[in-house]
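Taking our numbering, the leading residue of the sequence shown gets 3, the next gets one more, and so forth.
Every residue gets a Cβ at the ideal spot worked out from N, C-alpha and C, and that includes glycine.
A short write-up of the structure that comes next.
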Amino acid sequence: MKPRLLIITNLYPTPQDHHRGTFNFQQFNHLAEHMEIRVIVPISWKERLQNFRHPATPFSPHPLMGKVIYPLYWYVPGLFRGSYGTSMQVSLLLQCSRFIRDFSPDFLLSSWAYPEGTAGTRIARKLGIPAFVKVHGSDINIAARQASVQRQIKAWGNEVNGVVSVSVDLKEKMQRMGIQESKIHVIYNGINHQRFYPTPQTQARKDLGLGDSRIILYVGNLKKEKGCLDLLEAFIELAKQQPELKLYVAGTGAMSKTMTQRSQEAGMKNNIFLLGKVDHAALNHWYNAADLLCLPSYSEGVPNVLLEAMACGTPVVATRVGGIPEIVTADTGVLVESGNIQELKDKLNAALKHPWNAERIHLYAKKFSWNENARQMLDMFINAGNANK
């Protein structure tokens, strides 16, 4: 009989947003080859209200079909942030007790530091099973700057059986918060190599209806912390010198309107293209069509978009933050300081001129696989379970 794993996370596709938490979606699907899995995806009452404007669309078949539920999560926004963990715990126990009882899990994994980490650890203790928390980046780099949140993370850090960190950088930050090093397991996210692999650039561009201009690609949320405005300014200056250069931006977010207005002001309607949401399965074409992927974030864990681009043989230009320096080598890309627009422009220019070896980049990325990720996760669960007996 397979061991049973219950997962609590907000980072997972929903009927209204199939693009959310695709890395978790892939990880859990691979874990499902070795474990029986159920997933609880708490939906805040604010998001539930917003969803009335966004009709649900059916999922394509996947291994966890029918094994995921989306309970309502009640909390008071903007107030008593330190109580969010308790609010989520109560919300889930009121709505999901039968779901949990019928499944009878052996382990519980919370995939986000807070409030999931707090709620999940408490529920695991009530069930008498080992508790684990996976931290991603922003949940520690940004959210944990608030004293009330940091206290909650320290509290579950002393109780859990294990913490999954997606980078050494995050592990060190958790240690500085007082969490024991022995509890923290660095397990890098993987890549779906059946989806992301090299194809001829000419064919990818033909499939997308693109010409033969040099292309820089951005994939991600359009919010200030991702550095998308820095990229825009650096690109505008670069395109003044190289008028044929193109920037394609895949994603949506708060900065979308600002980026559109700035592009128009700069007279770049033929150089800068905001694509909106691009289906995860379609990104392979874009990575292969691009000459570079750029991600100039101010804060990160280990962004999967960098690994996916490299799996396609595409070099990257990214900032020296979080776990990014752990995965970007001199053979696969260029690192820059965050917030330095002039350096970003210069490094983009240099990277466009550099004779990259696409096959070497692709082979390097092969070591990041979801199968290896699942194996390490399973070992962690089983070892903790044996120690708990």
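- DSSP lists V338 as the bridge partner or partners of T321.
- Note that the stretch 245-260 touches the stretch 273-281; at least 3 beta-carbon pairs, one per stretch, sit closer than 8 Å.
- DSSP, reduced to helix, strand and coil, places S112 within a strand of the structure shown.
- G84 sits in a helix when the DSSP states are folded into three classes.
- Shown here, G253 sits in a strand according to DSSP, grouped into three states.
- Following the DSSP letters along the chain, one finds C296 inside the beta strand (DSSP E) bounded by residues 294-297.
- Here the stretch 290-300 lies against the stretch 314-329, with 3 or more beta-carbon pairs under 8 Å apart.
- Pairing L285 with W358, the inter-Cα distance amounts to about 21 Å.
- F82 counts as exposed, since fewer than 16 other C-beta atoms from the protein chains shown sit within 10 angstroms of its C-beta.
- Per DSSP, R127 is one residue of the alpha helix (DSSP H) stretching across 118-129.
- Beta-bridge partners assigned by DSSP to L219: Y250, L295.
- If you look at K225, you'll find it isn't in any beta strand (DSSP E); DSSP assigns it neither H nor E.
- Within the same chain, and ignoring the five residues on either side of A34 in sequence, the residues whose Cβ sits closer than 8 Å to its Cβ are P65, L66.
- Separation of V135 and L95 (C-alpha to C-alpha, rounded to the nearest whole angstrom) is 18 Å.
- By the CB criterion at 8 Å, T123 and A115 fall outside the cutoff.
- Approximately 3 Å separates the beta-carbon atoms of G192 and W372; this is inside 8 Å, confirming the contact.
- Secondary structure of S184 (DSSP, three-state): helix.
- Secondary structure at A367: helix, using DSSP grouped into helix, strand and coil.
- Within the model, the alpha-carbon separation for L346 versus F237 is close to 9 Å.
- An exposed status is given to P245, since fewer than 16 other beta-carbon atoms sit within 10 Å of its beta-carbon.
- DSSP, read as helix, strand or coil, puts V307 in helix.
- Here DSSP, grouped into helix, strand and coil, assigns F105 to helix.
- In the structure shown, V330 falls within a coil segment according to DSSP collapsed to helix, strand and coil.
- Bridge pairing for K136: S113, V166 [DSSP].
- Sixteen is the threshold: since fewer than 16 other Cβ atoms of the shown chains lie within 10 Å of the Cβ of S106, the residue is exposed.
- Out of K4, L234, Q154, the CA that lies nearest to the CA of T120 is found in Q154.
- I10: member of the beta strand (DSSP E) spanning 6-10, first to last residue.
- Taking H364 as the centre and dropping the five residues before and after it, the same chain places the C-beta of P200, G315 closer than 6 Å to its C-beta, in chain order.
- L276: member of the beta strand (DSSP E) spanning 274-278, first to last residue.
- DSSP places R40 outside any alpha helix (DSSP H); the residue lies instead in the beta strand (DSSP E), whose first and last residues are 38-42.
- The distance from the Cβ of G335 to that of E302 is about 14 Å, inconsistent with a contact at the 8 Å cut-off.
- For the set E310, P305, P298, the Cα lying nearest the Cα of W288 is the one of E310.
- When DSSP states are grouped into helix, strand and coil, Y75 belongs to the strand group.
- Pairing S113 with N26 gives a Cβ-Cβ distance under 8 Å.
- Pairing F101 with L7 gives a Cβ-Cβ distance that is not under 8 Å.
- The Cβ atoms of E235 and S299 lie no closer than 8 Å to each other.
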